[in-house]
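Student: Shown below is the structure under consideration.
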Amino acid sequence: VCSTLVSAAVVVLRPIQINNQLLDRSRNIMALTGLLPAGEAVEDEQMLELFRSLDTRIADIDEARFDETIDPLTFDQRRAVNDADLSTAVPAGSDLASIGRRSRYAPVYIVWDGDRMDRMILPVRGAGMWSMLYGYIAIEPDMSTIAGMTFYEQNETPGLGDQIAAPQWLAGWRGKELYDHVGTPLFAVAEGEVDLSSAQAAYHVDGITGATLSVGALNRQVRLALLLDHMVREKNGDH
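Under this note's numbering, the residue at position 39 of the sequence shown is numbered 45, and the numbers go up by one with no gaps.
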């Protein structure tokens, strides 16, 4: 009887769980799109409607192309990591973010302004000092300027490493450049405060005191996300 009740509960609650997961994801992503009305609360249904209006695609990382056979609204990248058909082991020498395995596919969220891309949002995932960090990074149409950054899940040291999710610190990411004029990745979170008169000021974000290991892990995660950015740009001619 208990087994039957549990099974029934799983079946009944599954759609609600999926909807709540989609809502949580949509809020984090929409916060980076620039489409939310400033200073106004957005109801759940309106949030989901806005999220579904995004041009959401699934990128096949290994094949360097968009895969139209996978539904981007139901694809779960985290679950895919544990599926042998959807993931692959990362060689130790190439495991920038210490993730062990990675999904073969990744969601890409594109915001359009007419026929012009306004920004692109990529997932960020990797090991911090104590936990796996999950977030998103938004990139401007020039494919080099950061439009925003957010973390929606992390369990770093309270008062130290967990400051990577602080809005005031993440605000410092906006406007920073990922690449120099020849395409060399230069973005990094500095070990301390950035000297605004230095050549690195355009590419570096102030570090967090006492969170050296978390910050170092974060730099590796951004480098991993930029590999996906390179793939999308090279395959699609920057459009």
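From the three backbone atoms N, C-alpha and C, an ideal C-beta is built for every residue, glycine too.
Is the distance from the Cβ of L128 to the Cβ of I152 below 8 Å?
Tutor: No.
Student: Quick check: the segment 117 to 131 against the segment 32 to 48, are there 3 or more CB pairs under 8 Å?
Tutor: The segment 117 to 131, when compared against the segment 32 to 48, does touch it at the 8 Å Cβ threshold.
Student: Closest to T156 by CA distance: which of F72, W175, D148 and L28 is it?
Tutor: Nearest option by C-alpha distance: W175.
Student: Going by beta-carbon coordinates alone, are L60 and Y115 separated by less than 8 Å?
Tutor: Going by C-beta atoms, L60 is nearer than 8 Å to Y115.
Student: For T190 and L11, what's the separation of their Cα atoms in angstroms?
Tutor: So the alpha carbons of these two residues sit roughly 57 Å apart.
Student: Can you tell me whether L202 is buried or exposed, with buried defined as 16 or more other CB within 10 angstroms of its CB?
Tutor: So L202 ends up on the exposed side.
Student: Classify P43: buried if its beta carbon has 16 or more other beta carbons within 10 angstroms, exposed otherwise.
Tutor: Per the 10 Å Cβ criterion, exposed.
Student: First and last residue of the beta strand (DSSP E) that includes L79?
Tutor: Segment: none, L79 is in no beta strand (DSSP E) and carries neither H nor E.
Student: Between which two residues does the alpha helix (DSSP H) harbouring W175 extend?
Tutor: Element bounds for W175: P173 to L176.
Student: State the beta-bridge partners of G141 as determined by DSSP.
Tutor: Looking at the DSSP assignment, G141 forms a beta bridge with V130 and F157.
Student: Indicate the three-state DSSP secondary structure (helix, strand or coil) for P203 in the structure shown.
Tutor: As written in the sequence, residue 203 is Ser, which differs from the Pro given in the question. The answer is coil: DSSP assigns S203 none of H, G, I, E or B.
Student: Specify the secondary structure class of H245 as computed by DSSP and reduced to three states.
Tutor: Residue placement at H245 is flagged as unreliable, the pLDDT there being 44, under the threshold of 50; a coordinate-derived value is accordingly withheld.
Student: Report buried or exposed for P113, applying the criterion of at least 16 other Cβ atoms within 10 angstroms of its Cβ.
Tutor: Buried: at least 16 other Cβ atoms inside 10 Å.
Student: Answer yes or no: do R108 and T94 have a C-beta to C-beta separation smaller than 8 Å?
Tutor: For R108 and T94, yes; Cβs fall inside 8 Å.
Student: If you count every other CB in all the chains shown that lies within 10 Å of the CB of T39, and 16 or more means buried, which is it?
Tutor: T39 is buried by the Cβ-count criterion.
Student: Measure the Cβ-Cβ separation of D212 and V200 and say whether it is below 8 Å.
Tutor: Against a cut-off of 8 Å, the Cβ pair of V200 and D212 comes out as a contact.
Student: Secondary structure at D66, three-state DSSP: helix, strand or coil?
Tutor: Strand.
Student: Specify the secondary structure class of F193 as computed by DSSP and reduced to three states.
Tutor: In the structure shown, F193 sits in coil (DSSP, three-state: anything other than H, G, I, E or B).
Student: In chain order, what residues of the same chain have a beta carbon less than 6 Å from the beta carbon of V117, not counting five sequence neighbours either side?
Tutor: Answer for V117: T39, D124 and R125, listed in chain order.
Student: Decide if S150 is buried, meaning its Cβ has at least 16 other Cβ atoms within 10 Å, or exposed.
Tutor: The residue is buried, with at least 16 neighbouring Cβ atoms inside 10 Å.
Student: Answer with buried or exposed for V188, where buried requires no fewer than 16 other C-beta atoms within 10 angstroms of its C-beta.
Tutor: Classification of V188: exposed, given that the 10 Å Cβ count is below 16.
Student: With DSSP as the reference, identify every bridge partner of P113, one or two as the case may be.
Tutor: Answer is I64, bridged to P113.
Student: Nearest-angstrom Cα distance between I64 and S13?
Tutor: Those two C-alpha atoms are separated by around 32 Å.
Student: Kindly indicate which three-state DSSP category E49 falls into: helix, strand or coil?
Tutor: Looking at E49 - three-state DSSP - the assignment turns out to be coil, as it is neither helix nor strand.
Student: Measuring alpha carbon to alpha carbon, tell me which residue in D50, F81, L92 and T62 is nearest E69.
Tutor: Per the Cα distances, L92.
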